[in-house]
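In our numbering, the protein residues as written are 1 to 231.
Note that beta-carbon positions come from the ideal geometry of N, C-alpha and C, so glycine has one too.
Down below is the structure, laid out as structure tokens.
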């Protein structure tokens, strides 16, 4: 691949994979918690939480990126505190992961939430009646049944993070080798006459990665579903 791609293209591919993987892994525990809360718990502000979670799907990505810059930038209320601790997101690759994870989070939560809602609460209630503590019930009853949904949510989040452009370029700019992801690199090449070939290469790689991820998620989900069903 290194012979087919130039150094800048290869850097964009590697950075996109790193950003998307980090965004997915870090957001997965929180996504599982939020999905479970929305599916099973009843509490004041539940609908507000649901709205906030899905807000990035409705807002223009550039607006989300700008809000991240205002809050998580070095001059923002949260970013300034993190800067004192030596943590900076703005114009760093970690900021690209934060932006991509923010945009992908609603898709992850929705997929996991639907899988939780598909589980009959009576199964969990039966285990609780037998004296099992709630964490054990979740680990031994709920979690195996929702694993396909978790995998689907993680893959959707990964694919969304790979393709995120608006929020990322607004929050961390488009710096080759530092914050330039695949979509940003494609955009840059399309602005330069004669670089359409380089852009097309990255488009093909983006499609290949997305299709591979989706196919892998289908295979894993089917295998887990068969194992859970005891077949």
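query	result
Local conformation of residue 74 per DSSP, three classes	coil
Simplified DSSP assignment, three categories, for residue 178	coil
Assumed close pair residue 221, residue 144 - CB separation to whole angstroms, cut-off 8 Å	At roughly 13 Å, the Cβ-Cβ gap does not stay under 8 Å, so residue 221 and residue 144 are not in contact.
Classification of residue 87 by the beta-carbon crowding that lies within 10 angstroms, buried from 16 upward	exposed
Coarse secondary structure for residue 119, derived from DSSP in three states	coil
Supposed contact pair residue 164 and residue 100 - C-beta distance, whole angstroms, cut 8 Å	4 Å
Backbone secondary structure at residue 110 - three-state DSSP	helix
For residue 98, the nearest candidate out of 141, 28, 40 (CA to CA)	28
Own chain partners of residue 50 with C-beta closer than 7 Å, once the 5 adjacent residues on each side are dropped	38
Residue 47 versus residue 117: straight-line alpha-carbon distance, rounded	16 Å
Cβ neighbour criterion (16 or more within 10 Å) applied to residue 231	Summary for residue 231: the model assigns pLDDT 47, below 50, so the residue's position carries little reliability; its value from the coordinates is reported in the next sentence. Exposed is the call here.
Residue 23 vs residue 111 beta-carbon contact at 9 Å	no
Alpha carbon of residue 201 to alpha carbon of residue 108, nearest angstrom	28 Å
Neighbourhood of residue 80 by C-beta distance below 6 Å, restricted to the same chain and skipping five residues each side	none
DSSP three-state assignment for residue 153, whether helix, strand or coil	helix
Nearest residue (CA-CA) to residue 146, options 156, 129, 120	120
C-beta atoms of residue 92 and residue 172 nearer than 9 Å	yes
Three-way DSSP call (helix, strand, coil) for residue 79 in this model	helix
Cβ contact (3+ pairs, closer than 8 Å) linking the region 121-131 and the region 209-216	no
For residue 68 and residue 60, the rounded distance between their alpha carbons	13 Å
Buried or exposed by the 16-neighbour rule on C-beta atoms within 10 Å, applied to residue 115	buried
Buried or exposed by the 16-neighbour rule on C-beta atoms within 10 Å, applied to residue 89	buried
Under the three-state DSSP convention, the category residue 148 falls into	helix
Contact check, residue 209 vs residue 199, beta carbons under 9 Å	no
Pairwise C-alpha distance: residue 15 and residue 180	7 Å
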